[in-house]
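Residues 148 to 287, numbered by this note's numbering, are exactly what the sequence shown covers, in order. Positions of the beta carbon are idealized from the N, C-alpha and C atoms, including for glycine. The next block holds one structure in the form of structure tokens; read it before the comments.
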Amino acid sequence: MPLKTEQVEEPSLNLTPMIDIVFLLIIFFMVGTQFTEQERLFELNMPQVSAAPPLTSLPDDMVINIHQDGRMIISGVEYSLPDLEQKLKEARLNYDDQGVVIRHDADGIHQNLMHVLSACHSAQIRNISIAGQLQGEKDR
Numbered sequence: 148m149p150l151k152t153e154q155v156e157e158p159s160l161n162l163t164p165m166i167d168i169v170f171l172l173i174i175f176f177m178v179g180t181q182f183t184e185q186e187r188l189f190e191l192n193m194p195q196v197s198a199a200p201p202l203t204s205l206p207d208d209m210v211i212n213i214h215q216d217g218r219m220i221i222s223g224v225e226y227s228l229p230d231l232e233q234k235l236k237e238a239r240l241n242y243d244d245q246g247v248v249i250r251h252d253a254d255g256i257h258q259n260l261m262h263v264l265s266a267c268h269s270a271q272i273r274n275i276s277i278a279g280q281l282q283g284e285k286d287r
């Protein structure tokens with residue numbers, strides 16, 4: 148006596164819910180673009196401003212390079228110690244959390260590094276980093 152076996156249905160992918168979602172998204176974006184176009188049609192007497200500072204993101208850290216002979220260079224410009232201190236104070240006035248990265252020559256005099264740290268302290272710069280180089284890593 149043969150046993151009855153049920154026919155196994157092949158699995159199928161039902162695309163109906165996905166198509167519904169795609170249509171809903173299309174309708175959503177079409178309606179959204181209509182609202183933005185209509186907002187520009189309203190005539191408004193916008194207030195006038197004389198000058199407004201541009202909205203900017205966080206400034207880049209100021210990189211101070213101290214060479215072996217004691218020269219202090221920022222962005223290719225050499226500064227004396229008083230000028231460096233003034234530049235740091237100006238940077239701090241522009242942005243309260245101005246960061247400074249100090250790159251010091253390994254063969255340079257340690258006192259030069261201390262002078263720059265002192266200038267950062269007098270300018271009230273709190274975000275100070277001293278760059279180093281891993282052993283065996285080439286200079287960048």
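Residue closest to residue i, alpha-carbon to alpha-carbon, out of the options
{"i": "V263", "options": "H214, G283, L281", "result": "H214"}
{"i": "L205", "options": "G246, A270, T163, I221", "result": "G246"}
{"i": "C267", "options": "I277, E232, D254", "result": "E232"}
{"i": "Q282", "options": "I275, A253, V155", "result": "A253"}
{"i": "D216", "options": "D244, H257, R273", "result": "H257"}
{"i": "G255", "options": "A278, R239, R218, E225", "result": "R218"}
Buried/exposed call for residue i, threshold 16 Cβ in 10 Å
{"i": "N259", "result": "buried"}
{"i": "H251", "result": "buried"}
{"i": "I211", "result": "buried"}
{"i": "A198", "result": "exposed"}
{"i": "A270", "result": "buried"}
{"i": "M261", "result": "exposed"}
{"i": "M165", "result": "exposed"}
Boundaries (first-last residue) of the beta strand (DSSP E) holding residue i
{"i": "N212", "result": "209-213"}
{"i": "S276", "result": "274-277"}
{"i": "V263", "result": "Taken as a continuous stretch (DSSP letters only), V263 belongs to no beta strand (DSSP E), being part of the alpha helix (DSSP H) at 257-269."}
Rounded distance between the beta-carbons of residue j and residue i, thought under 8 Å
{"i": "V169", "j": "D208", "result": "Going by Cβ atoms, the distance from V169 to D208 rounds to 46 Å, so no, they are not a contact pair."}
{"i": "L235", "j": "I275", "result": "The Cβ separation is near 10 Å, so there is no contact."}
Extent of the continuous alpha helix (DSSP H) to which residue i belongs
{"i": "R239", "result": "228-241"}
Checklist line | Contained alpha helix (DSSP H) runs [length at least 4] in the stretch 149-187, N- to C-terminal order | finding: 163-186
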